[in-house]
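Participant: At the far end of the sequence shown sits residue 462, using the UniProt record's numbering, and the numbering has no gaps.
Cβ coordinates follow ideal geometry from the N, Cα and C atoms, glycine included.
Since the model is a prediction, treat every value here as computed from it, not as a measurement.
There's a structure below that I have some questions on.
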Amino acid sequence: MTKINSPTFWVAGILLALYLTAIGFRPLLPIDETRYMTVAWEMHLQNGWLAPLTLNFEPYHHKPPVLFWLINLFWAIFGINRWAGLIPITIMSFLVVMLTERLGKKILPENSYDSGRLTFLICGSIPFLIYSTLVMFDLSLTAFVLATFLFLINYAHQRKLIYIIGMGLCMGLAVLTKGPVAYLYILFPVLLGPIWIKDFKNPTSWYAGFLLSFLISVLCAAVWIVPVLFQSDNNFAFWLLWEQTAGRVTGSFGDAHVRPFFFYLPIAVVLFTPWIFFRDFWQQFTSADKDNSAYRFVACWTLPVFLSFCFISGKQPHYLLPLLPGVIIFIAERLKNVPVNKTRNIVLFSIIILISGQSLATKTVFKNYNLQPIADYVRLHSDRPWAWVRNYHGELGFLAKLEQPVEDRSREDIQAWFNKNPNGMALIRYNEESEITKYHKLASYPYRGKNLGIFEKRHSPK
């Protein structure tokens, strides 16, 4: 295979195109991308890689540090800007594709495995195209889950200590990426090992090996957690170690994203898109499929996790993203008779549509999500007190390079805030001009279906 035809070359080219498209056409999207970049920015200001995370200079216990470490690493090399912060996201997306290909090689039958098919199938999937350049945690988590599975499969064939250590380190990094929920994505293939491992033997060493790798992962996560707990109060420790996980399971706090049981059913279909529309996908299962190790491993991996998330109260579409490689491996087996060139052409067509759509959205939809003009104004007046009305989520910290907090205020008490801070400025979302006649408007921009204005206290004429 020539270099230009190698899957690695194509994946690198595809992700470079997606990276440049994101930098060139798409703003950082509030509230998630702007929030996470602000957390990374405040980590830089504190120069504290083993310190508690902060958002708006207050303790932030919602996420662990790996993504923020990676962003700060590339900022240390290239300087603090958006394009450098997006490099680790793109690298992790690249790793997801490559690790999916390696996992497929290990479990797919020889007559089904094709490195090109696997890489194009995942690069062309709708969820990957959407999330591969978003500043979020799920593709990084996916990479560490896949690496764990590669060590797990090696351990299934050869019970060596090196594979246990590899599993433990990768699981530890997964936990430091998204929290204890990472174990849920990994647990079921371990528990169900006798189902997918051919000629399964010595269950004691199998489960004992995983237990040891679990302990290694806990030690790995403790490298960050222990110093953080020593620098934090009991409330921070409670939220970091317990409530962020248990609270999302039960839906017991405001940011848990509580949704109904059936929420994931239509999203599951998206995981298979666009490949679900191929006729070969719907070919009848044969008796040989029952002995297909790829089907059995993927079923033990994805189905129990999917059902678990259906029962968990907190739901977000991207929580299913770490299941995407399993879905792609299943699809690769179903589409083994489809020419690789056909899947490649569909991927290229999808990317052209995506690039064209984002270039058009720059002048239309993205204008309603671009906070950079407002952030530039805030940065020019960063010496003055600022308030956000209401529910501030760190939207401006990174974009405006703020070094002091923005006060979160309700519409009812903003006038009292102005009285206390007569030279202060406030950012207020509103629909009608009648809502903001009490204040002096300095600027206004469209934002998420409303207007976001910059206001100061209206002074009485002398």
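Secondary structure at F137, three-state DSSP: helix, strand or coil?
Facilitator: coil
Participant: Following the continuous beta strand (DSSP E) through S444, name the residue where it begins and the one where it ends.
Facilitator: For S444, the enclosing beta strand (DSSP E) begins and ends at Y439 to Y447.
Participant: Could you tell me the alpha carbon to alpha carbon distance between K462 and P422, rounded to whole angstroms?
Facilitator: Caution applies to K462, whose pLDDT of 49 falls short of 50 and renders its modelled position unreliable; the value that the coordinates give is listed next. Each residue's alpha carbon lies about 16 Å from the other.
Participant: Short of 7 Å in beta carbon distance, which residues of its chain neighbour V270, apart from the five on each side in sequence? Order them along the chain.
Facilitator: So the list reads I126 and P127, once near-sequence residues are dropped.
Participant: Is the Cβ-Cβ distance between T119 and V97 less than 8 Å?
Facilitator: yes
Participant: Would DSSP call W388 helix, strand or coil?
Facilitator: Three-state result, W388: strand.
Participant: Please name the residue, chosen from I14, I374 and S293, that lies closest to K105 on a Cα-to-Cα basis.
Facilitator: The shortest C-alpha separation from K105 is found at S293.
Participant: Please report the Cβ distance between P194 and F200, rounded to the nearest whole angstrom; I am assuming they are in contact, meaning their Cβ atoms lie under 8 Å.
Facilitator: 4 Å
Participant: Under 8 Å, do A51 and Q231 count as touching if we go by C-beta distance?
Facilitator: yes
Participant: If you run the structure through DSSP and keep just helix, strand and coil, what is N368?
Facilitator: For N368, the three-state secondary structure derived from DSSP is helix.
Participant: Okay, do the region 200-217 and the region 306-321 touch, 3+ Cβ pairs below 8 Å being the bar?
Facilitator: No, the region 200-217 is not in contact with the region 306-321.
Participant: Looking only at its own chain, which residues have a Cβ that is under 7 Å from the Cβ of S382, when we skip the five neighbours before and after it?
Facilitator: A400 and L402
Participant: Can you say whether Y392 is buried or exposed, counting buried as having 16 or more other CB atoms within 10 angstroms of its CB?
Facilitator: Buried, by the Cβ-count rule.
Participant: Output the boundary residues of the beta strand (DSSP E) element that contains R296.
Facilitator: Bounds of any beta strand (DSSP E) do not take in R296; it lies within the alpha helix (DSSP H) bounded by S293 to F311.
Participant: I89: buried (16+ other C-beta within 10 angstroms of its C-beta) or exposed?
Facilitator: Counting Cβ neighbours within 10 Å, I89 comes out buried, since at least 16 surround it.
Participant: In the region 405-440, which residue ranges form an unbroken alpha helix (DSSP H) of at least 4 residues, counting only runs that do not cross its ends?
Facilitator: The region 405-440 contains, as complete alpha helix (DSSP H) runs of 4+ residues, the segments 414-420 (chain order).
Participant: Who does N451 pair with in a DSSP beta bridge?
Facilitator: Its beta-bridge partners are Y430 and P446.
Participant: What are the start and end residues of the alpha helix (DSSP H) that includes R159?
Facilitator: Unbroken run through R159: none, as it is neither H nor E.
Participant: Return yes when the Cβ of R429 is within less than 8 Å of the Cβ of N368, no when it is not.
Facilitator: no
Participant: DSSP on V347, reduced to helix/strand/coil?
Facilitator: helix
Participant: Classify E412 as buried or exposed, calling it buried when 16 or more other Cβ atoms lie within 10 Å of its own Cβ.
Facilitator: exposed
Participant: State the Cα-Cα distance for the pair V258 and V298, rounded to the nearest angstrom.
Facilitator: 27 Å
Participant: Alpha carbon to alpha carbon, how far is E101 from P266? Give it in angstroms, no decimals.
Facilitator: A direct Cα-to-Cα measurement between P266 and E101 gives close to 26 Å.
Participant: Round the Cβ separation of L321 and Y60 to the nearest angstrom and send it over; I've been treating them as touching at under 8 Å.
Facilitator: That pair is no contact at about 22 Å.
Participant: Can you find the residues in the same chain that come closer than 6 Å, C-beta to C-beta, to L70, ignoring five residues on each side of it along the sequence?
Facilitator: Cβ neighbours of L70 beyond the five flanking positions: P88.
Participant: Distance check for V327 and I164, CA to CA, integer angstroms please.
Facilitator: If you take the alpha carbons of I164 and V327, they lie about 26 Å apart.
Participant: Of all the options T148, V389, L348 and A443, which has the alpha carbon lying nearest to the alpha carbon of I216?
Facilitator: Per the Cα distances, T148.
Participant: Quick check: the Cα distance between W417 and I436, rounded to an integer number of angstroms?
Facilitator: Each residue's Cα considered, the two are about 15 Å apart.
Participant: What residue range does the alpha helix (DSSP H) around T273 cover?
Facilitator: First-last for T273: undefined, no H or E at that position.
Participant: Take I134 as the anchor and find which of L67, R159, K160 and G172 has the nearest alpha-carbon.
Facilitator: The sequence shown places Leu at residue 134, rather than the Ile named in the question. Comparing Cα-Cα distances from L134 to each of L67, R159, K160 and G172, the minimum goes to L67.
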